[in-house]
Each structure stands twice: as C-alpha cells, then as structure tokens.
Amino acid sequence: MSTAHQDILALLAEDVQGGVTTRTARVKWVIVADQSLGPGLVANATACLGAAVGAALPGLLGGEVADGSGQSHAGLPWCGCPILGADAEKVRALHAKARTREGIFVAGMSKHAQASRSYEEYAETLGSTPAEELSYYAISLVGPRNKIDKLVGGLPLLR
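The sequence shown begins at 1 in the working numbering and counts up by one.
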C-alpha cells in the first residue's frame with residue numbers, strides 16, 4: 001500500500017469516528033469528467049472510477065443500513081462525491097498535476113479503457129502508450145480537502 005493510501009486511510013478513520021458531515025470531512029473525493037462526452041460515457045466512466053476508489057479506499061464506504069421495513073441496503077460513500085465538469089485538456093492536465101501531489105489518490109478512466117474489449121487488451125494498450133499521450137474521459141481524486149480544493153477549485157458541477 002502506498003504512503004498516499006495510508007495517509008488517506010488514517011484521515012478516513014478519524015473522520016468516520018468523529019461523525020463528520022460531507023462538508024466538514026478532512027477527506028474529499030471528487031470525479032472530474034470531460035463535459036463534452038455524452039451521458040452514457042460519463043455514467044460508465046464515473047461508475048468504473050467509483051468501483052476503483054471503493055476497492056482501493058474501502059473506508060469511504062459506510063456500512064449497510066436498514067430501511068424502516070428492516071430491508072438491508074448496501075453502504076454508500078459517507079463523504080459524498082461531486083461530479084465536476086471540465087474540457088478534455090483540463091481533465092488530462094488535472095490528472096498529470098494530481099499525480100505529482102503527495103497524499104492524493106488518483107484513478108483515471110482513459111479513452112483506452114473505454115475502447116478496450118478485455119482487461120488484457122486495456123493493459124496492453126495502456127502499457128504501450130506514454131503517459132503524455134493518454135486522454136481521460138474522467139478522473140477520480142481523493143485526498144485532504146485543502147489539496148483537492150486547490151486542484152479543482154472553480155470547476156462547475158457536471159449537469
């Protein structure tokens with residue numbers, strides 16, 4: 001596990017134990033999507049990124065909850081996850097910039113991932129493409145609120 005993961009997990013544990021709200025949590029999770037994409041591609045990219053983040057940082061997910069009839073519902077992210085919009089170049093630049101920041105978890109849904117028909121094909125294509133040539137449909141950033149806010153400040157909610 002990377003140092004960034006460990007730092008984020010420590011903040012998550014403190015926030016969960018403190019019963020903080022989404023606006024007061026020290027950890028922030030955002031997804032930034034290419035706003036020129038159609039809703040299907042954005043939905044797919046954000047769902048895949050949510051799965052990647054949930055696997056890497058399970059502390060972002062609350063436990064199961066029961067409704068008034070006693071039926072169980074799967075845990076959802078307790079910290080929220082706004083979906084922000086930017087143009088394709090801004091998404092790519094944010095990905096590159098975030099990867100240089102200490103303590104931030106970064107996941108990206110590249111065009112290669114969307115176009116691949118198997119995980120093996122995706123891995124091969126990604127492995128032969130230099131980082132500066134990748135373009136992203138969406139990226140997910142998790143880290144200390146102040147660091148995430150500095151990266152994405154001013155970006156609008158995707159509507």
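By construction, the Cβ of each residue, glycine as well, lies at the ideal position given by its N, Cα and C atoms.
- Looking at the DSSP output, Val27 shares a beta bridge with Pro144.
- Here Ala52 has Ala107 as same chain residues with Cβ atoms under 6 Å from its own Cβ, once five neighbours each way along the sequence are excluded.
- Pairing Ser128 with His112, the inter-Cα distance amounts to about 11 Å.
- Taking 8 Å as the cut-off, the beta carbon of Val42 is found no closer than this to the beta carbon of Val152.
- Non-local beta-carbon contacts of Asp67 in its own chain, meaning distances under 8 Å to residues more than five positions away in sequence, involve His73 in chain order.
- Of all alpha-carbon atoms in Ala123, Gln114, Tyr119, the one lying nearest the alpha-carbon of Ser135 is that of Gln114.
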